[in-house]
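Asks:
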Amino acid sequence: FVMILYRRNMKRLFAIFLIVLLYSCASSEVGTLLRDVESYIVEHPDSALTVLESVDPSFLRTQKMRANHALLHAMALDKNYIDVTDDSIAQVAVDYYSRKGISKNKARAYYYLGIAYYYQKDYDKAILEFTKAEKVAELCDSLYWAMTKSIQAKVYSSTYNDIETLSCLKSALNIYLSISDYKKAQSV
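Numbering of the sequence shown is given in the working numbering, commencing with residue 185 and proceeding in unit increments.
Right under this line is the structure:
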């Protein structure tokens, strides 16, 4: 009788071990997959979106992994010209990255949350998120800083604030030019 119980328990333990091992491996592969998507999302946003939408959410084990997936998903939707009015995707990224220090992902999370509000025509919330994105991006991500100033101009234009529209457009242009000048200097 003791041997039968022992065998049953061993089988259960082995099954639990196997499930944990498979889950761990799958989660690790998803981490690698997300890093790969990040490397080609700008050049191939359609492929990136397909891959991101095929990820089983149960394999996104950590908050960081869920936030990274959400940020990449919001980015892929935007780069595929899909106007997302649901702020829940970007909000996952903001909830995680807003607690972190200065980082590109923090700036981008605020940016994509602002984009969702912009498409909802909730311009007050959009400007609030874009202002947060601007403050972070100014310190670490010139491209998103310029993109943020450009979209702020669109928001101000939508609310007929011509002075702020012009100011944001000038800022965006100067940032884009500085990026261009930097790249030219690097290629010499």
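Note that beta-carbon positions come from the ideal geometry of N, C-alpha and C, so glycine has one too.
Nearest-angstrom Cα distance between Y366 and S326?
Replies: For the purposes of this step, residue 366 is taken as the residue at position 182 of the sequence shown. For the purposes of this step, residue 326 is taken as the residue at position 142 of the sequence shown. Taking the straight line from one Cα to the other gives about 11 Å.
Asks: Residues in its own chain within less than 6 Å of C209 by CB, not counting five upstream and five downstream?
Replies: Start at 1 with the first residue of the sequence shown, and residue 209 comes out as number 25. Its pLDDT being 43, under 50, C209 is placed unreliably by the model, and nothing is read from it.
Asks: Going by beta-carbon coordinates alone, are I286 and M259 separated by less than 7 Å?
Replies: In the sequence shown, counting from the first residue as 1, residue 286 sits at position 102. In the sequence shown, counting from the first residue as 1, residue 259 sits at position 75. Taking 7 Å as the Cβ cut-off, I286 and M259 do not qualify as a contacting pair.
Asks: Check whether the stretch 319-335 and the stretch 288-304 are in contact - that is, three or more C-beta pairs closer than 8 Å.
Replies: Yes: at least three Cβ pairs fall under 8 Å.
Asks: I think L244 touches N264, with their Cβ atoms under 8 Å apart; what is that distance to the nearest whole Å?
Replies: Taking the sequence shown and counting its residues from 1, one reaches residue 244 at position 60. Taking the sequence shown and counting its residues from 1, one reaches residue 264 at position 80. At roughly 21 Å, the Cβ-Cβ gap does not stay under 8 Å, so L244 and N264 are not in contact.
Asks: Going straight from the alpha carbon of V320 to that of L261, what length do you get?
Replies: The residue you call residue 320 lines up with position 136 of the sequence shown. The residue you call residue 261 lines up with position 77 of the sequence shown. When rounded, the distance between both Cα atoms is 22 Å.
Asks: Which residues bound the alpha helix (DSSP H) around H257?
Replies: Translated into the one-based positions of the sequence shown, residue 257 becomes position 73. That run of the alpha helix (DSSP H) goes 247-263.
Asks: At which residues does the alpha helix (DSSP H) containing L297 begin and terminate?
Replies: For the purposes of this step, residue 297 is identified with residue 113 of the sequence shown, where counting begins at 1. Looking at the DSSP string, the run of the alpha helix (DSSP H) that includes L297 is 288-304.
Asks: In its own chain, which residues sit with a C-beta less than 7 Å from the C-beta of A310, not counting the 5 before and 5 after it?
Replies: By 1-based counting over the sequence shown, the position of residue 310 is 126. Contacts found: G298, Y301, Y302, V339.
Asks: Distance, Cα to Cα, C324 vs E213?
Replies: The residue given as residue 324 occupies position 140 in the sequence shown. The residue given as residue 213 occupies position 29 in the sequence shown. Between C324 and E213, the C-alpha separation is close to 29 Å.
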